[in-house]
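*Asks:* The sequence shown maps to residues 8 to 466 in the numbering used here.
Beta carbons: idealized from backbone N, C-alpha and C, even for Gly.
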Amino acid sequence: MKRNKTDLVVEEDKNLQQESPENNISADENVIVRENKKTIAKKQNKKEKGLKGESEVKERILSIDRFRGFCMLLMVCSFILGIFSAFDFFAPVIDHAPNGFLILPGVSFADLFAAMFIFVIGLTMVKSFKSREAKYGTRKAYFQLATRFLGLIGIGILFNGFENGWTGLFTGESTWADLSIKIKIFGIMFWIAIALLIVYIVSIFVKDLKFKKIAEMMLRYFLAIVGVLALYFILVSTGEKITAPVNGERFGGWEWDTLQNIGLAGLLALPFVKFDKWGRLTMVGIVFAVLTVLMQNGLFPLANSIPEGGIFGGFSWACILLLGSVFAELKDHKFYWILTSLLLLISVVLIVGFDFIAAKRGCTPVYAMFTSSVSAMIWGGLNFLNNWKPKFDFLAIWGSNAILTYVLTLFISAFLGGLLGEYVSPLHPAAAVVIWLVILALFTLMNWYLRRKNTYIRI
C-alpha cells in the first residue's frame, strides 16, 4: 500500500515517542521529573527577583542616603540628649536660636537640622514624581504625592495630640476637662491611627494581598484626612492672629512641627514639580524676593508667633525643598558650586551686612537661603565619596528608612521625656549615656536589617 508524506511523519513521531526515555520511565519517576522542573522554575524566579532587588539597591544614590543618615543621626541625638539633665552642658549644641550656639545672627547649629532634612527630600522629589507618573499617569502621581505629604502632616499632628493630651492625663498633670477641643480631637485620632496601624501589620503576616491593600489604604487615607484637618486649624490660627476674635476665644493655635513643615513644604512645592530645573530655580527666586520684602516690613512678627512659621513659613520651607530638587539635577554640572557659593554669599551678606532677619521660627527667606547653601555644600562633598563602598556604611544605613526612624524617635522621646520624664531626666550621667548608646545601637540594627532585606518604609 502506498503511504503519503503525512503518514510518514505520523509514524516517525510514534517511533520517537517510543524511543524517548521519558516514555519508558515509571509514573513515580514522571512525578520526580515534573517536580524537578518546578524546582528549577522556582529557583529561576528567585534568581530574577534577587537580581531585581540588587538593581534597585544600585539605583539608590549613596550620597543621598548618607546625607539623610547624617541628618537623622543629628535629629535623634538632639531628641534623646535633650531628655537627660546630665547632658545640660550639651544644650548650646542642640538648642535653637537664640539659646543655641549661633553660626550667624539668628541661626544656631541646631537650626540646620530640619532644613537639611527637607533639602534631602527635595533631592528625590522630582525623580519620585517621574517614576510614579510613568507607572500610574500624571494625575495619579500628583494625587499619590499629595496624599503622602498630607499623611506626614497627619502623623506630626497626631504626635502633638498625644504629647499635649495623653501624657498629661497619664501623669495626672491634667484632666480630660482641661484639654482643648483640638487636643481632644487629635488625641482620639491618635488611637484610631494606632488601631489602623495594627490592622496593617496583621495584614502583612496574614499574607492576603487584598486585605493588605485595603488596610494600607485605610491607614494612608486616614492620615491624609488628619493632615487636612491640621491644615484647617493652622489656617484658622493664622486668621485669628491677623484679626483677633471679638470675644477673645480662639479656635486655632495648634502645634506645627517638623513633620508638618515637611508635609506643607511638599504640598506647596508640588505644583512646580514638572517645571525644569531652571523654572524651579526662577520660582524660588521670585518667592524669596517677595517674601523677603514682606518679612522685612511687618510679616515676620506674625510668622514668628506660629511655631516654624505656619503657613507663611511653609513657603520658605517649600523653597528649600525646590532648591534640593534643583541641586539634584545639577549634581554633575559645573554650575552646582557656582550656585552654592552665590546662595551662601548673598545670605551671609544680607544677614551680617544688612541685618536681614534670619530665623528658623518663622522660616525667613535668608535663613532658607543660607541653610540650603550649607546643605548643598555637604551633599556636594558626599558626592565625591559615591565610589567608596564599605561593607558597613553607617550613615547610608541610617538614611535608608528615615521616616520610620524619626517616628520611632518621637515615640521614644514622648515615652521617656513625657511619661517617665520625672524619673528619667535626673538619671546619673553613666546611665544616661548607656540609654543613649542602646537607642543608637537598636536604630542601627533595625536600619541595617531593613536595608539588607531591601525593605524601605514609606507612607
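(1) Have a look at the DSSP bridge pairing and note the partners of residue 392.
(2) Starting from residue 323, follow its DSSP beta bridges and name the residues at the other end.
(3) I'd like to know whether the C-beta atoms of residue 331 and residue 72 end up nearer to each other than 7 Å.
(4) Run through DSSP, which three-state label would residue 332 get?
(5) Compute the Euclidean distance between the alpha carbons of residue 161 and residue 403, then round it to the nearest angstrom.
(6) Buried or exposed: where does residue 449 fall if 16 or more other Cβ atoms within 10 Å of its Cβ makes it buried?
(7) What's the gap between the Cα of residue 271 and the Cα of residue 318?
(8) Measuring CB to CB, does residue 464 end up less than 7 Å from residue 411?
(9) Does the distance from the CB of residue 114 to the CB of residue 365 come in under 7 Å?
(10) Residue 421 and residue 265 - do their beta-carbons sit closer together than 7 Å?
(11) State the CB to CB distance for the pair residue 90 and residue 431, rounded to an integer number of angstroms; the pair is presumed to be in contact (CB under 8 Å).
(12) According to DSSP, which residues form a beta bridge with residue 111?
(13) If residue 387 sits next to residue 344, beta carbons under 8 Å apart, how far is it from one beta carbon to the other, in whole angstroms?
(14) Would you call the region 278-291 and the region 224-231 in contact, with 3 or more CB pairs under 8 Å?
(15) Tell me which residue opens and which closes the alpha helix (DSSP H) that residue 132 is part of.
(16) What span of residues does the alpha helix (DSSP H) with residue 70 cover, start to end?
(17) Counting along the chain, where does the alpha helix (DSSP H) carrying residue 245 start and finish?
(18) Can you tell me the Cα-Cα spacing of residue 58 and residue 444, whole angstroms?
(19) Apply the 10 Å Cβ neighbour rule to residue 409 and answer buried if 16 or more other Cβ atoms are within range, or exposed otherwise.
(20) When you compare the region 307-315 with the region 351-367, are there three or more beta-carbon pairs, one atom per stretch, that lie closer than 8 Å?
(21) Excluding the 5 residues preceding and the 5 following residue 466 in the sequence, name in chain order all residues of the same chain whose CB lies nearer than 6 Å to its CB.
(22) Out of 419, 369, 459 and 214, which one is the CA nearest neighbour of residue 400?
(23) Roughly how many whole angstroms lie between the Cα atoms of residue 357 and residue 413?
(24) Cα-Cα, which of 117, 147, 86 and 238 is closest to residue 378?
(25) Select from 287, 268, 149 and 455 the residue whose C-alpha is nearest the C-alpha of residue 337.
(26) Is it true that the CB of residue 98 sits closer than 7 Å to the CB of residue 436?
(27) Measure from the C-beta of residue 129 to each C-beta in chain D and report whether the shortest distance is under 7 Å.
(28) Measuring straight from C-alpha to C-alpha, what distance separates residue 61 and residue 180?
(29) Over what stretch of residues does the alpha helix (DSSP H) that includes residue 429 continue unbroken?
(30) Can you give me the C-alpha to C-alpha distance between residue 194 and residue 169, rounded to a whole angstrom?
(31) Exposed or buried, what is residue 394 when buried is set at 16 or more other beta-carbons lying within 10 Å of its beta-carbon?
(32) When the Cα atoms are used, what is the spatial distance from residue 211 to residue 236?
(33) Determine the contact status of residue 418 and residue 369, defining contact as a CB-CB distance below 7 Å.
*Replies:* Quick answer:
(1) Here residue 392 refers to the residue found at position 385 when the sequence shown is read from its first residue. Answer is none; residue 392 lacks a bridge partner.
(2) By one-based count along the sequence shown, residue 323 stands at place 316. Paired residues: none, contrary to the question.
(3) Working through the sequence shown from its first residue, we reach residue 331 at position 324. Working through the sequence shown from its first residue, we reach residue 72 at position 65. No.
(4) Here residue 332 corresponds to residue number 325 of the sequence shown, with the count starting at 1. DSSP places residue 332 in helix when its eight states are reduced to three.
(5) Here the question's residue 161 lines up with position 154 in the sequence shown. Here the question's residue 403 lines up with position 396 in the sequence shown. The straight-line gap from Cα to Cα measures roughly 27 Å.
(6) Numbered from 1 along the sequence shown, position 442 holds the residue referred to as residue 449. By the neighbour-count rule (16 or more Cβ atoms within 10 Å), residue 449 is not buried but exposed.
(7) Residue numbering aside, residue 271 sits at position 264 when the sequence shown is read from its first letter. Residue numbering aside, residue 318 sits at position 311 when the sequence shown is read from its first letter. Approximately 8 Å, taken between the alpha carbons.
(8) Here the question's residue 464 lines up with position 457 in the sequence shown. Here the question's residue 411 lines up with position 404 in the sequence shown. Yes, Cβ-Cβ distance for residue 464 and residue 411 is below 7 Å.
(9) Numbered from its first residue, the sequence shown carries residue 114 at position 107. Numbered from its first residue, the sequence shown carries residue 365 at position 358. Yes, Cβ-Cβ distance for residue 114 and residue 365 is below 7 Å.
(10) Taking the first residue of the sequence shown as position 1, residue 265 is located at position 258. Taking the first residue of the sequence shown as position 1, residue 421 is located at position 414. Against a cut-off of 7 Å, the Cβ pair of residue 421 and residue 265 comes out as no contact.
(11) Stepping through the sequence shown from its first residue, residue 90 is reached at position 83. Stepping through the sequence shown from its first residue, residue 431 is reached at position 424. Confirmed, about 6 Å.
(12) Within the sequence shown, the letter at position 104 stands for residue 111. Its beta-bridge partners are 114.
(13) Indexing the sequence shown from 1 puts residue 387 at position 380. Indexing the sequence shown from 1 puts residue 344 at position 337. At roughly 7 Å, the Cβ-Cβ gap stays under 8 Å, so residue 387 and residue 344 are in contact.
(14) no
(15) As a position in the sequence shown, residue 132 is number 125, starting the count at 1. Note, residue 132: alpha helix (DSSP H), 119-143.
(16) Working through the sequence shown from its first residue, we reach residue 70 at position 63. Counting along the chain, the alpha helix (DSSP H) containing residue 70 begins and ends at 69-88.
(17) Position 238 of the sequence shown, counting from 1, holds the residue named residue 245. Element bounds for residue 245: 216-249.
(18) Within the sequence shown, the letter at position 51 stands for residue 58. Within the sequence shown, the letter at position 437 stands for residue 444. Any reading at residue 58 is ruled out, since the residue's pLDDT is 39, under 50, leaving its predicted position unreliable.
(19) Residue mapping note: residue 409 aligns to position 402 of the sequence shown, counting from 1. Classification of residue 409: buried, given that the 10 Å Cβ count is 16 or more.
(20) yes
(21) Within the sequence shown, numbered from 1, the residue matching residue 466 stands at position 459. Correct list, in chain order: 155 and 158.
(22) For the purposes of this step, residue 400 is taken as residue 393 along the sequence shown, with counting starting at 1. The option with the nearest alpha carbon to residue 400 is 459.
(23) Against the sequence shown, residue 357 aligns to sequence position 350. Against the sequence shown, residue 413 aligns to sequence position 406. Cα to Cα, residue 357 sits roughly 33 Å from residue 413.
(24) On the sequence shown, residue 378 is found 371 positions in, with the first residue counted as 1. Per the Cα distances, 117.
(25) Locating residue 337 in the sequence shown gives position 330, where the first residue counts as 1. Nearest C-alpha to residue 337: 287.
(26) One-based indexing of the sequence shown puts residue 436 at position 429. One-based indexing of the sequence shown puts residue 98 at position 91. Not closer than 7 Å, so no.
(27) Absent here is chain D; the protein component of the structure consists of one chain.
(28) Within the sequence shown, numbered from 1, the residue matching residue 61 stands at position 54. Within the sequence shown, numbered from 1, the residue matching residue 180 stands at position 173. Since pLDDT at residue 61 reaches only 40, below the 50 mark, its modelled position is unreliable, and no value is offered.
(29) Here residue 429 is taken as the residue at index 422 of the sequence shown, counted from 1. Residues 428-431.
(30) Numbered from 1 along the sequence shown, position 187 holds the residue referred to as residue 194. Numbered from 1 along the sequence shown, position 162 holds the residue referred to as residue 169. When rounded, the distance between both Cα atoms is 5 Å.
(31) Along the sequence shown, one-based indexing puts residue 394 at 387. Exposed, because fewer than 16 other Cβ atoms sit within 10 Å of the Cβ of residue 394.
(32) Sequence index remark: in the sequence shown, residue 211 carries index 204 (1-based). Sequence index remark: in the sequence shown, residue 236 carries index 229 (1-based). Distance between the alpha carbons of residue 211 and residue 236 is about 29 Å.
(33) Position 411 of the sequence shown, counted from the first residue, corresponds to residue 418. Position 362 of the sequence shown, counted from the first residue, corresponds to residue 369. Their beta carbons are not under 7 Å apart, which means residue 418 does not touch residue 369 by this criterion.
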